[in-house]
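**Student:** Below: one structure in structure tokens.
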Amino acid sequence: MKKKFVFKLNLILFIVAIFSYQSAFAKDFTKHVIIISIDGLRPDVLLTTKTPHLNEQWKKGSYSFKAQTIVPSLTLPSHTSMLTGVTFEKHKVDWNDFDKNKSITVKTIFEYAKEKQLSTAMFVAKEKFKHFNKNNSLDIFSKPVYDFKLVLASAEKHILESKPNLSFIHLAEIDGTGHIFGWDSFIQRGMLETMDKPIGDFLAKIKENISDAVIIITSDHGGHCVFHGSSESIDTTIPWIAIGKNININYEIKQKINTYDTTSTALWLLGLEENNIDGVPIKEIIENNVF
């Protein structure tokens, strides 16, 4: 009996050791992940506007045009889910402007990254994103004026120089034109066409200089008339596109995607799996699903 007990105990310890080893050396598919959020971008507007550079991206990567954001489908609450991996009910960010008297109390993707000594950066157009610049979790925080060209220029300069492991870029103009001229308006489509080539040029520079980079292109919400924030699908449906090293090409993702899966996927790609959040990694984007 004693020998059987010792054998079973040793077997259990061996299994635990194997799982601990695998966990400690989780596979990373890349050293560099860049998340680009095009604020207010509806999938149908993207797919029916003349955007050859953006269209080239999803055709060269894995994509879903049925991904969902949270309710309320507002910029700061939605980006909080995108960049923390948790639902609205957990992060409780119910305001949508910068408020020095309020803070995001749950961990962000940048805090998870810094815990593993990874470098981080954020390039944005709206002041409300200052809420993510907390606990020394951002090595670079850049907020030029409200101009996508300047945001992209700042991102290009710093990313090519510093090559942070995790970067986030926010482009605001689709949301801005939607609020003034309406979603799916001629003006909004024109703005998307204007943004298309600069985004394409930026992505080409990244791919040329950081060969292993994986880029996730998504949005925080859609919109209708000059509004957004509702639970209607026209407000909550967003694009979700992954391109880069090891990513399946021209592959439509079957898995249901919510915006908080972005954090889980980015961490997983960097070899960091976080189990205490609501998001799940979108693993089918990986070529041949080898993981």
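Take 1394 as the starting number for the sequence shown in our numbering and just add one per residue. Where is the CB? At the ideal position from N, CA and C, for every residue including glycine.
Please state if the CB of S1455 and the CB of N1681 are separated by a distance shorter than 7 Å.
**Tutor:** No, Cβ-Cβ distance for N1681 and S1455 is not below 7 Å.
**Student:** DSSP three-state label for W1576, please.
**Tutor:** In this structure, W1576 counts as coil in the three-state DSSP scheme.
**Student:** Judging by CA-CA distance, which residue of G1616, G1583, L1545 is the nearest neighbour of T1462?
**Tutor:** T1462 has its Cα closest to that of G1616, out of G1616, G1583, L1545.
**Student:** Could you check the C-alpha separation between Q1581 and E1508 for me, to the nearest Å?
**Tutor:** If you take the alpha carbons of Q1581 and E1508, they lie about 40 Å apart.
**Student:** Residues bridged to H1563 by DSSP?
**Tutor:** In the DSSP output, where bridge partners are listed per residue, H1563 has S1430.
**Student:** Take E1504 as the anchor and find which of S1612, S1466, L1467, D1532 has the nearest alpha-carbon.
**Tutor:** The shortest Cα separation from E1504 among S1612, S1466, L1467, D1532 belongs to D1532.
**Student:** Helix, strand or coil for G1569 per DSSP?
**Tutor:** Here G1569 sits in helix by DSSP.
**Student:** What is the DSSP secondary structure of V1544, counted as helix, strand or coil?
**Tutor:** Helix, per DSSP.
**Student:** Could you compute how far the alpha carbon of D1654 sits from the alpha carbon of S1474?
**Tutor:** When rounded, the distance between both Cα atoms is 9 Å.
**Student:** Measure the Cβ-Cβ separation of P1436 and F1422 and say whether it is below 7 Å.
**Tutor:** Contact flag unset, no.
**Student:** Which runs of the beta strand (DSSP E), 3 residues or longer, sit entirely within the stretch 1602–1644?
**Tutor:** The stretch 1602–1644 contains these whole beta strand (DSSP E) runs: 1607–1611, 1630–1637.
**Student:** Is the beta carbon of S1466 sitting closer than 7 Å to the one on D1628?
**Tutor:** Closer than 7 Å, so yes.
**Student:** What's the gap between the Cα of I1631 and the Cα of D1540?
**Tutor:** Approximately 22 Å, taken between the alpha carbons.
**Student:** What does DSSP give as the partner residues of A1514 in its beta bridges?
**Tutor:** Answer is I1533, S1560.
**Student:** What does the alpha-carbon distance come out to for the pair T1468 and K1493?
**Tutor:** Using only the alpha carbons, I get a separation of about 17 Å.
**Student:** Let me know the secondary structure DSSP gives Q1648 once reduced to three states.
**Tutor:** Correct three-state label for Q1648: coil.
**Student:** Counting only runs of 4+ residues fully inside the stretch 1449–1519, write out the alpha helix (DSSP H) ranges in chain order.
**Tutor:** 1468–1477, 1481–1484, 1502–1508, all fully within the stretch 1449–1519.
**Student:** Going by the beta-carbon positions, is the gap between L1564 and T1513 smaller than 7 Å?
**Tutor:** Not closer than 7 Å, so no.
**Student:** Does the beta-carbon distance from A1659 to V1486 come in below 7 Å?
**Tutor:** Cβ atoms of A1659 and V1486: not closer than 7 Å.
**Student:** Measure the alpha-carbon distance for S1626 versus I1608 and round it to whole angstroms.
**Tutor:** Cα to Cα, S1626 sits roughly 25 Å from I1608.
**Student:** Whose CA, out of E1520, G1478, I1429, D1589, lies closest to the CA of I1675?
**Tutor:** Selected option, being the one with the closest Cα: G1478.
**Student:** Take E1520 and list the residues in its own chain whose beta-carbon comes closer than 6 Å to its own, dropping the five residues that flank it on each side.
**Tutor:** These residues qualify, in order along the chain: F1491.
**Student:** Let me check one thing: in DSSP terms, what residues is I1679 bridge-paired to?
**Tutor:** BP columns for I1679 point to I1640.
**Student:** Would DSSP call P1674 helix, strand or coil?
**Tutor:** If DSSP states are grouped into helix, strand and coil, P1674 belongs with coil.
**Student:** Considering D1421, what are the terminal residues of the alpha helix (DSSP H) in which it resides?
**Tutor:** No alpha helix (DSSP H) holds D1421; DSSP gives it neither H nor E.
**Student:** Could you spell out the range, first to last residue, of the alpha helix (DSSP H) harbouring F1438?
**Tutor:** Note on identity: in this sequence residue 1438 is Val, with Phe being the wrong assignment. 1436–1440 is the extent of the alpha helix (DSSP H) around V1438.
**Student:** L1476 and F1561 look like a contact to me (Cβ under 8 Å); what is the Cβ gap, rounded to whole Å?
**Tutor:** Yes, they are in contact, since the Cβ atoms of L1476 and F1561 sit about 7 Å apart, within 8 Å.
**Student:** Closest by CA to L1665, which one among K1495, E1566, L1511, T1480?
**Tutor:** Among K1495, E1566, L1511, T1480, the Cα nearest to that of L1665 is on L1511.
**Student:** Using the rule of at least 16 other Cβ atoms within 10 Å of the residue's Cβ for burial, across every protein chain shown, is D1594 buried or exposed?
**Tutor:** Counting Cβ neighbours within 10 Å, D1594 comes out exposed, since fewer than 16 surround it.
**Student:** Exposed or buried, what is I1670 when buried is set at 16 or more other beta-carbons lying within 10 Å of its beta-carbon?
**Tutor:** The residue is buried, with at least 16 neighbouring Cβ atoms inside 10 Å.
**Student:** For T1656 and E1554, what's the separation of their Cα atoms in angstroms?
**Tutor:** The straight-line gap from Cα to Cα measures roughly 24 Å.
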